[in-house]
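Visitor: Here it is, the structure in full.
Chains as they are written, first to last, in the working numbering: chain A, 1 to 240; chain B, 1001 to 1274.
Given below as structure tokens:
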């Protein structure tokens, strides 16, 4: 090949990022089997995303727990710690992300958690913009088994829905057995899906987290004009 | 170039331009079996050149056809115009916009004929006309057009029209008014590069899409020193297929380079000095 073309050097640009918040209900009712399944699911998600070289660099995960209070979990380099809800610290690229082991306690202030998660995503976008990093539409995955317990959860749900209407975020909600799906349906535009019960369908959590991972891989490699084909949902009672 | 061409040359004629181009299917598209969705054209008309690049949307089933038709229709419309009118009498930006609108109409027509939504043919389109020492351009989408000025500096003529998100852009098939076609003219140029977005992250510095000098400098020098058009295109194709490019992008890649300088002519008996 021409030596002149060999002399070409390439611009060194940061990868575009896809910010993702996993909003997980860690209230008392999730203790035992459900939370064990969530913890295994997070492990699976972390492993799967690392296998995908593009997703590993482009997907940035934050874990927000909602059990008694709302906090973010920083889980990287062998350490898991609760940290303040700060967009500069809460996100880890998928290749840095290590699955935390969550414990359950308290009630379910889902309204506050939803508001905090949305703020994290907005702040993260602002950081990308200030650093000249391209980004994909943020994703918020909500998983809960109950009923929001804070007073003004409906206002928070409406704020999230409005943000989704403005294309500011994509919300996917999943109700674990016992969840109030009607309440959950107010968070975002899409109908929540009911995860198959653990007793009848032991692999359901695993399948759900595998679906999350495949969906994020699809986004991470999307180019302008791509309509993202999400993988089929086989972990829920209702087909979408 | 034939002897007849040479006879009509005069000191007032536009300077000669030399162009090379390459277009290659992306590794993603090979894996997905979708084939190449980029299209490219470069046509000389008199002393001018019409250059067009288009990138069919990944999600649209007939976007390769859309891109091919967009490029064909726009360059054809411009050829008709330039063949019958001296370029100095034409507002080139206006002519490019008209040609692109014509291409958009043809896409609507194709969609109607096939009873498909026009979104099935989604494509971007960037068009330039190089005329003498100036270039004019029009763009819808995320193509990247870069002019090299006489002093060697680089100037972006068209940068990607992006939405908020990395995987969003505009399409020729969705424009609702001529104002959505971004036009530009740059005078005093000696080089022009046109590309689809596959090479963007290698060729532009984010944010702001500043042309990366170490990308374009050697690229223009390569075109200037190419010994023939065929060889130049072959080498450029080889570059697009090279491992170091493929390691950085899995998208379709299309690149056209024009430089204001005739390539050294093949030596032949008639051309030897007497």
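Quick reminder that beta carbons are idealized off the backbone N, C-alpha and C, glycines included.
1. Just how far apart, CA to CA, sit residue 1255 of chain B and residue 1109 of chain B?
2. Touch check for the stretch 1092-1105 of chain B and the stretch 1032-1047 of chain B: three-plus C-beta pairs under 8 Å?
3. Hey, how far is the Cα of residue 1238 of chain B from the Cα of residue 1071 of chain B?
4. Secondary structure at residue 1074 of chain B, three-state DSSP: helix, strand or coil?
5. If you check the beta carbons only, do residue 83 of chain A and residue 89 of chain A fall under 8 Å apart?
6. Indicate the three-state DSSP secondary structure (helix, strand or coil) for residue 44 of chain A in the structure shown.
7. Closer than 7 Å by C-beta to residue 102 of chain A: which residues in its own chain qualify, once you throw out the five before and the five after it? Chain order, please.
8. Going by alpha carbons, who is nearest to residue 1198 of chain B out of B:1019, B:1025, B:1016?
9. Rounded to the nearest angstrom, how far is the Cβ of residue 62 of chain A from that of residue 120 of chain A, given a contact under 8 Å?
10. Among A:86, A:182, A:159, A:79, whose alpha-carbon lies nearest the alpha-carbon of residue 71 of chain A?
11. Whose CA, out of A:30, A:11, A:12, lies closest to the CA of residue 177 of chain A?
12. Give me, in chain order, the residues of the same chain whose beta-carbon lies closer than 6 Å to that of residue 1081 of chain B; leave out the 5 immediate sequence neighbours on both sides.
13. Does residue 226 of chain A come within less than 8 Å of chain B when only Cβ atoms are used?
14. What are the residues of the stretch 127-145 of chain A that lie near chain B, defined by any Cβ-Cβ distance shorter than 8 Å?
15. Closer than 9 Å by beta-carbon distance: list the chain B residues that pair up with residue 47 of chain A, in chain order.
16. With the cut-off set at 8 Å, would you say residue 195 of chain A and residue 212 of chain A are in Cβ contact?
17. Give the DSSP-derived three-state secondary structure of residue 1152 of chain B in the structure shown.
18. What residues of chain B sit near residue 222 of chain A, judged by a beta carbon separation below 7 Å?
19. Hey, is the stretch 45-59 of chain A in contact with the stretch 147-156 of chain A, meaning 3+ C-beta pairs nearer than 8 Å?
20. Does the Cβ of residue 169 of chain A have 16 or more other Cβ atoms within 10 Å, making it buried, or fewer, making it exposed?
21. Between residue 16 of chain A and chain B, is any beta-carbon pair separated by less than 8 Å?
22. Which residues bound the beta strand (DSSP E) around residue 1195 of chain B?
23. Would you check if the stretch 1149-1162 of chain B and the stretch 1124-1138 of chain B touch, i.e. whether three or more CB-CB distances between them fall below 8 Å?
24. Nearest-angstrom Cα distance between residue 133 of chain A and residue 1083 of chain B?
25. Give a yes or no on whether the C-beta atoms belonging to residue 67 of chain A and residue 106 of chain A are separated by under 8 Å.
26. Enumerated in chain order, which unbroken segments of the alpha helix (DSSP H) with a length of 4 residues or greater are wholly contained in the stretch 1058-1109 of chain B?
27. Could you tell me the boundaries of the beta strand (DSSP E) in which residue 1044 of chain B lies?
28. Using 10 angstroms around the beta-carbon of residue 1211 of chain B, count the other beta-carbons present and answer buried if the total reaches 16, otherwise exposed.
29. Tell whether a beta-carbon distance below 8 Å holds between residue 1260 of chain B and residue 1190 of chain B.
30. Could you check which residue in B:1105, B:1172, B:1216 has the C-alpha nearest to that of residue 1152 of chain B?
31. At a Cβ threshold of 8 Å, is residue 1219 of chain B touching chain A?
32. With residue 1131 of chain B as the anchor, note down where its beta strand (DSSP E) starts and where it stops.
33. Beta strand (DSSP E) containing residue 80 of chain A: first to last residue?
34. Name the chain C residues that come within less than 8 Å of residue 1261 of chain B, Cβ to Cβ?
35. Does residue 1207 of chain B come within less than 8 Å of chain A when only Cβ atoms are used?
36. What are the boundary residues of the beta strand (DSSP E) that residue 1140 of chain B is part of?
Guide: Concretely, from the data shown:
1. Position 255 of the second chain holds residue 1255 of chain B. Position 109 of the second chain holds residue 1109 of chain B. The alpha-carbon atoms of residue 1255 of chain B and residue 1109 of chain B are separated by roughly 28 Å.
2. No contact exists between the stretch 1092-1105 of chain B and the stretch 1032-1047 of chain B.
3. To locate residue 1238 of chain B, count along the second chain from 1; it is residue 238. To locate residue 1071 of chain B, count along the second chain from 1; it is residue 71. One C-alpha to the other measures close to 23 Å.
4. Along the second chain, one-based indexing puts residue 1074 of chain B at 74. The answer is helix: DSSP assigns residue 1074 of chain B an H, G or I state.
5. Translated into the one-based positions of the first chain, residue 83 of chain A becomes position 83. Translated into the one-based positions of the first chain, residue 89 of chain A becomes position 89. In this structure, the beta-carbon distance from residue 83 of chain A to residue 89 of chain A falls below 8 Å.
6. The residue given as residue 44 of chain A occupies position 44 in the first chain. Under the three-state reduction of DSSP, residue 44 of chain A is assigned to helix.
7. The sequence position of residue 102 of chain A within the first chain is 102, counting from 1. The answer, listed in chain order, is 24, 26, 35, 38, 39, 65.
8. Counted from its first residue, the second chain places residue 1198 of chain B at position 198. The shortest C-alpha separation from residue 1198 of chain B is found at B:1025.
9. One-based indexing of the first chain puts residue 62 of chain A at position 62. One-based indexing of the first chain puts residue 120 of chain A at position 120. The beta-carbon separation of residue 62 of chain A and residue 120 of chain A, rounded to 6 Å, stays under the 8 Å limit for a contact.
10. Within the first chain, residue 71 of chain A is the residue found at index 71, counting from 1. Closest option to residue 71 of chain A, judged by alpha-carbon separation, among A:86, A:182, A:159, A:79: A:86.
11. In the first chain, counting from the first residue as 1, residue 177 of chain A sits at position 177. When each option's Cα is compared against that of residue 177 of chain A, the closest is A:30.
12. The residue given as residue 1081 of chain B occupies position 81 in the second chain. If we look at residue 1081 of chain B and ignore the five residues flanking it on each side, its Cβ neighbours are 1095.
13. Taking the first residue of the first chain as position 1, residue 226 of chain A is located at position 226. At least one C-beta of chain B is nearer than 8 Å to the C-beta of residue 226 of chain A.
14. Listed by position, the residues of the stretch 127-145 of chain A near chain B (Cβ gap below 8 Å) are 132, 133, 134, 135, 136, 137.
15. The count along the first chain starts at 1 and reaches residue 47 of chain A at position 47. The contacting residues do not exist; residue 47 of chain A stays about 23 Å from chain B at best.
16. In the first chain, the residue the question calls residue 195 of chain A occupies position 195. In the first chain, the residue the question calls residue 212 of chain A occupies position 212. Between residue 195 of chain A and residue 212 of chain A, the gap from beta carbon to beta carbon reaches 8 Å or more.
17. The residue you call residue 1152 of chain B lines up with position 152 of the second chain. Residue state, collapsed to three classes: coil.
18. Within the first chain, the letter at position 222 stands for residue 222 of chain A. The contacting residues are 1167.
19. Per the Cβ contact rule, the stretch 45-59 of chain A is not in contact with the stretch 147-156 of chain A (fewer than 3 Cβ pairs under 8 Å).
20. The residue given as residue 169 of chain A occupies position 169 in the first chain. Label assigned to residue 169 of chain A: buried.
21. Taking the first chain and counting its residues from 1, one reaches residue 16 of chain A at position 16. Cβ-Cβ to chain B under 8 Å: yes for residue 16 of chain A.
22. As a working note, residue 1195 of chain B is residue 195 in the second chain. Looking at the DSSP string, the run of the beta strand (DSSP E) that includes residue 1195 of chain B is 1189-1195.
23. Flag = yes, the stretch 1124-1138 of chain B and the stretch 1149-1162 of chain B touch.
24. Here residue 133 of chain A corresponds to residue number 133 of the first chain, with the count starting at 1. Here residue 1083 of chain B corresponds to residue number 83 of the second chain, with the count starting at 1. Rounded to the nearest whole angstrom, the C-alpha separation of residue 133 of chain A and residue 1083 of chain B is 45 Å.
25. What you label residue 67 of chain A is simply residue 67 of the first chain in a count that begins at 1. What you label residue 106 of chain A is simply residue 106 of the first chain in a count that begins at 1. A contact, by the Cβ cut-off of 8 Å.
26. Counting whole runs of 4 or more residues, the stretch 1058-1109 of chain B contains the alpha helix (DSSP H) stretches 1063-1084.
27. Your numbering for residue 1044 of chain B matches position 44 in the second chain. Counting along the chain, the beta strand (DSSP E) containing residue 1044 of chain B begins and ends at 1038-1045.
28. Along the second chain, read from residue 1 onward, the residue named residue 1211 of chain B stands at position 211. Classification for residue 1211 of chain B: buried.
29. The residue given as residue 1260 of chain B occupies position 260 in the second chain. The residue given as residue 1190 of chain B occupies position 190 in the second chain. Cβ atoms of residue 1260 of chain B and residue 1190 of chain B: closer than 8 Å.
30. Counted from its first residue, the second chain places residue 1152 of chain B at position 152. Nearest C-alpha to residue 1152 of chain B: B:1216.
31. For the purposes of this step, residue 1219 of chain B is taken as the residue at position 219 of the second chain. Yes - at least one Cβ of chain A is within 8 Å of the one on residue 1219 of chain B.
32. Stepping through the second chain from its first residue, residue 1131 of chain B is reached at position 131. It spans 1125-1131 - the beta strand (DSSP E) in which residue 1131 of chain B sits, taken as one unbroken run.
33. For the purposes of this step, residue 80 of chain A is identified with residue 80 of the first chain, where counting begins at 1. Looking at the DSSP string, the run of the beta strand (DSSP E) that includes residue 80 of chain A is 79-83.
34. Absence of chain C from the displayed structure is noted, the protein chains being A and B.
35. Here residue 1207 of chain B refers to the residue found at position 207 when the second chain is read from its first residue. It does: the Cβ of residue 1207 of chain B has a partner Cβ on chain A nearer than 8 Å.
36. As a position in the second chain, residue 1140 of chain B is number 140, starting the count at 1. Unbroken beta strand (DSSP E) run through residue 1140 of chain B: 1134-1140.
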